[in-house]
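K.L.:
Under our numbering, read the sequence shown as residues 1331 to 1594, first letter to last. Idealized CB from N, CA, C, for every residue including glycine. One structure, pasted below without further comment.
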Amino acid sequence: MAPKEKDVRTYLGVPLIKPRVAFFDFTSCEGCQLQIINNEGTLLDFLSLVEVVTFREAMSEKSDDYDIAFIEGSITRDDEIKRLRKVRNNAKILVTLGSCASFGGVNQLKNNFKNPDRPKKIVYGKHPIESGHVRAVDEIVKVDMKILGCPVKKEEIEKVVMHIALGKTVTFPKYPVCIECKANENVCLFNLGEPCLGPITRAGCDSWCPNSKAGCWGCRGPSEDANIDQMVRILKDNGFSKETIMDRLECFGGFQTLIKGVKK
Ligand code: SF4
Ligand code: SF4
Ligand code: SF4
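Structural data, given as structure tokens:
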């Protein structure tokens, strides 16, 4: 759809067109979308960058005409697969929003049950719902970009959208949370007797949890060259049980492929 003349902005004299963006929720707690709406301080600036055409949590209008689709949530039902494929066909860029969409998130924990009906019975009792094997979005369709976290950090979404709108390359930190933690001058939690996955987890959250004296649970998945074996050794040397270690490594799904050897 051609933009109206008043909508065309310029950057260094180059005409810029507001990308039409749409937000979609699948199996999720909707906390990642809430992060965007909660962003009172800069929400208006953010909205000046884009034209939001679908966002069920915030508006009733809908459209199938969009450039960027943001996907929140993992995929757990057949109808979700169909809906996701349709979104993919409509979007020029598809971005996953948060751990659930990017690698299954907390939802994927139920894949560990030998009897898939057991978690359903425990959680929903006499009110069963349809919910099958949990999959990340990139197990179904091509994903162009992943914004990580549980929830995502609103500043990171703004940065990504701004870079796309300005036609700039989007980059994410490759280094681990420890780098941000040290820059924030935190006392290392291992010195306080707390476990922390900061040494192997991708930065970008500004060491959100350690800043509040809570150890990292790895919600952003592995940093580049994450050394899982060494992390496990450090945790063991600090007296943490295998159960505590696996609880953290399995929690959000980002380390699933890397911990196969650790489980044995
Ligand atoms: S990643 Fe976390 S905050 Fe976002 S939808 Fe999933 S559970 Fe909710
Ligand atoms: S508290 Fe965690 S993130 Fe911070 S330096 Fe220690 S291990 Fe790294
Ligand atoms: S510190 Fe770890 S668990 Fe906390 S937000 Fe950052 S990556 Fe996620």
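(1) In chain order, what residues of the same chain have a beta carbon less than 6 Å from the beta carbon of residue 1465, not counting five sequence neighbours either side?
(2) So does residue 1531 have its beta carbon nearer than 8 Å to some heavy atom of ligand 5?
(3) Could you give the distance in angstroms between the alpha-carbon of residue 1354 and the alpha-carbon of residue 1568?
(4) Could you give the uninterrupted runs of the alpha helix (DSSP H) lying entirely in the stretch 1429-1507, keeping only those of 4 residues or more?
(5) Are residue 1452 and residue 1424 closer than 9 Å when you measure CB to CB?
(6) Below 8 Å, is the gap between the Cβ of residue 1518 and the nearest heavy atom of ligand 2?
(7) Determine the contact status of residue 1507 and residue 1544, defining contact as a CB-CB distance below 9 Å.
(8) Could you please give the first and the last residue of the uninterrupted beta strand (DSSP E) stretch that includes residue 1354?
(9) Roughly how far, in whole angstroms, is the beta-carbon of residue 1488 from the beta-carbon of residue 1372, given that I think they are within contact range, below 8 Å?
(10) Of the residues 1361, 1419, 1558, 1585, which one's Cα is nearest the Cα of residue 1472?
(11) Please list the terminal residues of the continuous alpha helix (DSSP H) segment that includes residue 1379.
(12) To the nearest angstrom, how far is it from the Cα of residue 1381 to the Cα of residue 1432?
(13) From residue 1592 to residue 1492, what distance separates their C-alpha atoms?
(14) What residue from 1554, 1527, 1470 has the CA that sits closest to residue 1409's CA?
(15) In angstroms with no decimal places, state the Cα-to-Cα distance between residue 1542 and residue 1583.
(16) Under the criterion of a Cβ to heavy atom distance below 8 Å, does residue 1545 qualify as lining ligand 2?
(17) Report, in whole angstroms, the separation of the C-beta atoms of residue 1362 and residue 1427, which I expect to be a contact under 8 Å.
(18) Hey, how far is the Cα of residue 1460 from the Cα of residue 1449?
(19) Mind reading off the beta-carbon distance from residue 1350 to residue 1395? Whole number of angstroms is fine, and I expect it under 8 Å.
(20) DSSP state of residue 1592, grouped into three classes?
(21) Could you please give the first and the last residue of the uninterrupted beta strand (DSSP E) stretch that includes residue 1517?
(22) Does any heavy atom of ligand 1 sit closer than 8 Å to the C-beta of residue 1479?
(23) Residues in its own chain within less than 6 Å of residue 1554 by CB, not counting five upstream and five downstream?
(24) Could you give the DSSP three-state label for residue 1398: helix, strand or coil?
(25) Where residue 1528 and residue 1484 are concerned, what is the direct C-alpha to C-alpha distance, given to the nearest angstrom?
P.N.:
To lay it out plainly:
(1) 1405
(2) Absence of ligand 5 is noted for the structure shown, with ligand 1, ligand 2 and ligand 3 being the only ligands found.
(3) 42 Å
(4) 1429-1433, 1447-1454, 1484-1495
(5) no
(6) yes
(7) no
(8) 1350-1355
(9) 6 Å
(10) 1419
(11) 1373-1379
(12) 24 Å
(13) 40 Å
(14) 1470
(15) 23 Å
(16) yes
(17) 5 Å
(18) 12 Å
(19) 6 Å
(20) helix
(21) Counting along the chain, residue 1517 falls outside any beta strand (DSSP E), and DSSP gives it neither H nor E.
(22) yes
(23) 1504
(24) strand
(25) 20 Å
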